[in-house]
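Position 214 of the sequence shown, counted from 1, bears residue number 482 in this note's numbering, the numbering being contiguous throughout. Ideal Cβ placement from N, Cα and C applies to all residues, glycine included. Below: the structure, in structure tokens.
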Amino acid sequence: MSTPALRTIVTSVAIPKLKDQSLFKELGFINNEWTNKNVKETFSVTDPATDKEIGKLPDMGVKETKDAIQAASTAFKSWSQTTGKQRHDLLIKWYQAMMENQDDLATILTWENGKTLPEAKGEVAYAASFYEWFAEEAVRTYGTVIPNHLPNQRYLTIKQPVGVVGIITPWNFPAAMITRKVGAALAAGCTVVIKPGAETPYSALALCELATRVGIPAGVINVVPTEKHVADVGKELCTNPIVKKISFTGSTAVGKLLMAQSSSTMKKVSMELGGNASFIVFDDADITAAVDGIIACKFRGTGQTCVSANRIYVQKNIYKEFSTRLAEKVRQFQVGHGFDPKTTHGPLINGKGIEKVQRHVKDAVNKGAEILAGGKHLGGSFFEPTVLGKMSTDMCIHTEETFGPVAALFEFETENEVVELANNTPFGLASYFFSRDVGRCWKVAERLETGMVGVNTGIISSCYTPFGGVKESGLGREGSYMGVDDYINVKYISMGL
Numbered sequence: 269m270s271t272p273a274l275r276t277i278v279t280s281v282a283i284p285k286l287k288d289q290s291l292f293k294e295l296g297f298i299n300n301e302w303t304n305k306n307v308k309e310t311f312s313v314t315d316p317a318t319d320k321e322i323g324k325l326p327d328m329g330v331k332e333t334k335d336a337i338q339a340a341s342t343a344f345k346s347w348s349q350t351t352g353k354q355r356h357d358l359l360i361k362w363y364q365a366m367m368e369n370q371d372d373l374a375t376i377l378t379w380e381n382g383k384t385l386p387e388a389k390g391e392v393a394y395a396a397s398f399y400e401w402f403a404e405e406a407v408r409t410y411g412t413v414i415p416n417h418l419p420n421q422r423y424l425t426i427k428q429p430v431g432v433v434g435i436i437t438p439w440n441f442p443a444a445m446i447t448r449k450v451g452a453a454l455a456a457g458c459t460v461v462i463k464p465g466a467e468t469p470y471s472a473l474a475l476c477e478l479a480t481r482v483g484i485p486a487g488v489i490n491v492v493p494t495e496k497h498v499a500d501v502g503k504e505l506c507t508n509p510i511v512k513k514i515s516f517t518g519s520t521a522v523g524k525l526l527m528a529q530s531s532s533t534m535k536k537v538s539m540e541l542g543g544n545a546s547f548i549v550f551d552d553a554d555i556t557a558a559v560d561g562i563i564a565c566k567f568r569g570t571g572q573t574c575v576s577a578n579r580i581y582v583q584k585n586i587y588k589e590f591s592t593r594l595a596e597k598v599r600q601f602q603v604g605h606g607f608d609p610k611t612t613h614g615p616l617i618n619g620k621g622i623e624k625v626q627r628h629v630k631d632a633v634n635k636g637a638e639i640l641a642g643g644k645h646l647g648g649s650f651f652e653p654t655v656l657g658k659m660s661t662d663m664c665i666h667t668e669e670t671f672g673p674v675a676a677l678f679e680f681e682t683e684n685e686v687v688e689l690a691n692n693t694p695f696g697l698a699s700y701f702f703s704r705d706v707g708r709c710w711k712v713a714e715r716l717e718t719g720m721v722g723v724n725t726g727i728i729s730s731c732y733t734p735f736g737g738v739k740e741s742g743l744g745r746e747g748s749y750m751g752v753d754d755y756i757n758v759k760y761i762s763m764g765l
């Protein structure tokens with residue numbers, strides 16, 4: 269199972285040509301300039317489906333990060349003084365530019381990330397929606413008037429942008445992870461320095477090209493690409509006193525490190541960290557809907573999402589029927605290059621992803637699990653979408669996030685038992701369950717220790733709703749009317765008459 273038969277299952281695929289080739293940038297973006305800052309080091313970005321090089325970017329470090337921070341600091345002086353309406357208008361233009369270039373942005377995204385082209389187009393639309401949403405929030409950062417207890421005093425609060433924001437994003441949503449943070453930051457009046465995932469930097473750079481076209485001022489958005497110097501760049505963002513906030517999406521271990529570094533200057537932080545999502549199917553559930561929910565939740569992005577179901581608990585009375593129907597559907601998936609129209613699921617991002625999936629499957633099988641579908645490494649970064657049955661809590665999958673296309677099924681008997689199992693983790697990002705008992709729906713939703721709960725649905729993310737976790741899955745909320753709050757300082761003003 270662990271020995272690849274081929275380097276990759278992809279023999280040939282046509283890479284679509286961009287309608288607008290100028291969206292593909294191979295330089296950093298600092299103060300509205302496309303530049304390598306005379307950096308001689310470069311790093312390669314590869315297509316995860318073929319391992320072929322897409323292009324090279326300057327491998328920037330601390331010096332270039334400081335330059336970007338200074339540019340953002342200078343721009344903040346004027347950007348923070350713009351009106352909410354002015355920021356609204358620019359964000360709406362940026363949203364429209366993204367939708368007008370949806371096909372090209374999706375092509376870049378599929379090429380560097382590997383997800384299928386239809387899924388990439390969906391991500392671009394989802395990503396753009398954050399600019400539209402936060403454009404509307406820009407004009408609604410209301411203050412308050414507080415009733416006074418002294419006749420000659422008046423009390424009020426106003427909201428002001430925190431300042432320069434350091435943004436560190438992962439590779440699994442190359443466009444949406446940028447816009448969800450940048451949209452809120454710009455709406456609040458902040459400026460940003462972005463360190464995108466080294467595996468998928470081209471989507472971030474394409475968004476910067478569109479930003480210049482719609483008139484976002486110089487220095488408001490900056491991107492520092494790096495691979496070798498990622499730790500140094502992250503440390504500079506966290507410890508530089510000019511930067512007033514860090515927004516990070518990634519692993520809990522790295523999030524803790526960045527929080528510790530940020531404490532030296534008492535920065536605001538928002539952290540969207542690791543998960544170990546439970547997905548519960550009660551015996552009164554609509555089984556067809558639950559199977560569809562698992563497929564949408566577990567296998568989107570080939571299982572490489574932080575809210576992907578990791579532990580799937582199925583009540584004993586329906587376990588056999590549910591597992592059989594899920595395995596039948598999963599066997600119909602077509603693995604291949606994201607640009608192949610027949611492909612339903614693309615590759616994992618790299619060899620490390622494959623190694624973890626292989627380790628989890630092997631551990632489960634060695635401890636008594638059975639493979640109901642898939643289970644094989646197909647070469648390169650491809651792994652068969654897999655369903656495992658007869659899972660037990662001593663297996664790695666129960667405590668570690670797989671981040672791959674493996675649906676692990678655990679049998680349970682009672683509601684109290686499964687809620688205890690679901691909560692028995694240091695993580696608390698997302699959870700899901702299916703039931704047609706309205707009383708149970710309320711009770712279980714309230715008892716699950718996660719920041720987000722999907723009830724009778726496997727898809728929970730949107731620009732309109734708050735995204736974030738509890739416990740070791742992070743701090744803060746992104747999206748929704750709450751999303752701007754992390755980029756705002758509340759100032760209380762006491763006025764004597």
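With 16 or more other Cβ atoms from the protein chains shown falling within 10 Å of its own Cβ, E669 counts as buried. At least 8 angstroms separates the beta-carbon of E652 from that of V582.
H417 carries a coil assignment under DSSP once its states are collapsed to helix, strand and coil.
Put simply, the backbone Cα of E477 is about 34 angstroms away from that of S532. For T375, the uninterrupted alpha helix (DSSP H) segment begins and ends at 370-381. Around N440, the same chain offers G569, Q572, T573 as residues with beta carbons nearer than 7 angstroms, after the five sequence neighbours per side are excluded.
Of the candidates A343, K658, K610, the residue whose Cα lies closest to the Cα of P386 is K610.
For F550, the three-state secondary structure derived from DSSP is coil. Counting every other CB atom within 10 Å of its CB across the protein chains shown gives E681 a total below 16, marking it as exposed. A contact is defined here as three or more CB-CB pairs under 8 angstroms, and the stretch 373-384 meets this definition with respect to the stretch 610-625. Here P415 is exposed. Its C-beta has fewer than 16 other C-beta atoms within 10 Å. Cβ-Cβ distances below 7 angstroms link L359 to Y399, F402, A403, A406, G451, L454, A455 in the same chain, with the five nearest sequence neighbours on each side left out; the list follows chain order. The C-alpha of R422 lies about 14 angstroms from the C-alpha of G411. Residue ranges of uninterrupted alpha helix (DSSP H) with 4 or more members, entirely inside the stretch 558-643 and ordered along the chain, are 587-598, 619-634. By the beta-carbon neighbour count (other beta carbons within 10 angstroms, threshold 16), G764 is exposed.
With a contact defined as Cβ atoms closer than 8 angstroms, V492 and A336 qualify at about 5 angstroms. The alpha-carbon of P429 is positioned some 5 angstroms away from that of I756. Three or more Cβ pairs closer than 8 angstroms define a contact, and the stretch 691-704 meets that threshold against the stretch 542-551. When rounded, the separation of the alpha-carbon atoms in E589 and G726 is 19 angstroms. Counting along the chain, V686 sits inside the alpha helix (DSSP H) bounded by residues 683-691. L475 and M534 have their alpha carbons spaced roughly 30 angstroms apart. Boundaries of the alpha helix (DSSP H) harbouring G390: 385-406, taken from the DSSP string. Around the beta-carbon of W710, fewer than 16 other beta-carbon atoms lie within 10 Å, marking it exposed. If you check the CB distance, L373 and S471 come in under 8 angstroms. Bridge partners of F678 according to DSSP: Y581. Contact between the stretch 592-604 and the stretch 635-644 is present: three or more C-beta pairs spanning the two stretches fall below 8 angstroms. The three-state reading of DSSP puts L656 in strand, counting E and B together. Note on geometry: alpha-carbon atoms of L473 and G465 lie some 12 angstroms from one another.
With fewer than three CB-CB distances shorter than 8 angstroms, the stretch 681-690 does not count as touching the stretch 620-633.
Note on geometry: alpha-carbon atoms of N490 and A339 lie some 8 angstroms from one another. Shown here, K524 sits in a helix according to DSSP, grouped into three states. Excluding five sequence positions before and after R408, the CB atoms of its chain that fall closer than 8 angstroms to its own CB belong to G352, Y749, given in chain order.
Per DSSP, reduced to three states, the secondary structure at A486 is coil, with no helix or strand assignment. In the structure shown, the three-state DSSP call for M366 is helix. K293 carries a coil assignment under DSSP once its states are collapsed to helix, strand and coil. Take the alpha-carbon of S290 and the one of W302: they are about 12 angstroms apart.
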